[in-house]
Amino acid sequence: GENVEQHPSTLSVQEGDSAVIKCTYSDSASNYFPWYKQELGKRPQLIIDIRSNVGEKKDQRIAVTLNKTAKHFSLHITETQPEDSAVYFCAASGGSNYKLTFGKGTLLTVNP
Amino acid sequence: EADIYQTPRYLVIGTGKKITLECSQTMGHDKMYWYQQDPGMELHLIHYSYGVNSTEKGDLSSESTVSRIRTEHFPLTLESARPSHTSQYLCASRATGIGGEQYFGPGTRLTVT
Chain A
30 GENVEQHPST LSVQEGDSAV IKCTYSDSAS NYFPWYKQEL GKRPQLIIDI RSNVGEKKDQ
90 RIAVTLNKTA KHFSLHITET QPEDSAVYFC AASGGSNYKL TFGKGTLLTV NP
Chain B
620 EADIYQTPRY LVIGTGKKIT LECSQTMGHD KMYWYQQDPG MELHLIHYSY GVNSTEKGDL
680 SSESTVSRIR TEHFPLTLES ARPSHTSQYL CASRATGIGG EQYFGPGTRL TVT
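Chain order of the listed sequences is A and B.
Its first residue numbered 30, the first sequence is counted upward by one per residue in my numbering.
Its first residue numbered 620, the second sequence is counted upward by one per residue in my numbering.
Have a look at this one:
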């Protein structure tokens, strides 16, 4: 089955800096890669996703890149703000598999 | 408003009790999932369903059971709760089609004493 590895497990940045979280996946049939943000005590919420026919997608300060050949994808957050502090999860799914396989999460702390 | 609802939100029960965690969605999704998560930690898939009368065990072994008699309803039952079941349980549903967005419910925080 699919295996998703996520790094780093914790990331601390200064407000205004950029943050990058990386994930690798094992199943070449995977074609959908969402990123979720989970604030303390709240449910995970989708912040951006990318499908395998696209190499990059941006939404304001957030961007995701996908390298299908290397089987890795990354989340980029620019101009970080304290409200970006949360746990971020990457995930992958595809083919006839409708289950999302999640990475173990990255705790991002943005220091004012 | 289309959403996923979970009840109760918080539950404290004694060891050996039978409990059912409720999950309902008004999004019209066929696919529904249950995850177990300790605060801020990994999301462990414990059960999923691709439609009415379809249920499968997830990646994490669980002593719970589920049923899917109606599209919108996916309850999870623990026949005999133990302290090791103390955790947060998140229900989710996903749109049909490849790449459909998955939405999570607000969760049930279970404490077994």
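Ideal Cβ positions, reconstructed from N, Cα and C, are used throughout, including at glycine.
Model, not experiment: these values are computed from the prediction.
Annotation: the continuous beta strand (DSSP E) that includes B/R713 extends over 706 to 713.
Pairing A/F131 with B/T634, the inter-Cα distance amounts to about 31 angstroms.
Straight across, the Cα-Cα distance linking A/R80 with A/A99 is about 15 angstroms.
Across the set B/L664, B/H648, B/S643, B/G670, the C-alpha of B/L664 shows the shortest separation from the C-alpha of B/Q707. Close partners of A/P73 in chain B (Cβ separation under 8 angstroms): L662, L709, F723.
Against chain B, the beta carbon of A/Y127 has neighbours under 7 angstroms at K650, Y669, R713, listed in chain order. If you draw a 10 Å sphere on the C-beta of A/T135, you find 16 or more other C-beta atoms in it, and that means buried. In the three-state reduction of the DSSP assignment, A/D78 falls in the strand class. When DSSP states are grouped into helix, strand and coil, B/S668 belongs to the strand group.
Counting only Cβ-Cβ distances below 9 angstroms, A/V93 has no contacts in chain B at all, with the closest Cβ about 13 angstroms away.
A/E112 carries a helical assignment under DSSP once its states are collapsed to helix, strand and coil.
At the C-beta level, B/T730 and B/T705 come within 7 angstroms of one another.
Look at B/E720: its C-beta is under 7 angstroms from a C-beta on chain A.
Around A/L136, the beta-carbon contacts reaching into chain B at under 8 angstroms are G659.
DSSP, read as helix, strand or coil, puts A/S122 in strand.
Listed along the chain, the chain A residues whose CB falls inside 8 angstroms of the CB of B/G726 are R72. For B/K676, the enclosing beta strand (DSSP E) begins and ends at 673 to 676.
Around the beta carbon of B/P658, fewer than 16 other beta carbons lie within 10 angstroms, which makes this residue exposed. In terms of CA proximity to B/S686, B/M651 leads the group B/T727, B/Q655, B/M651, B/D622.
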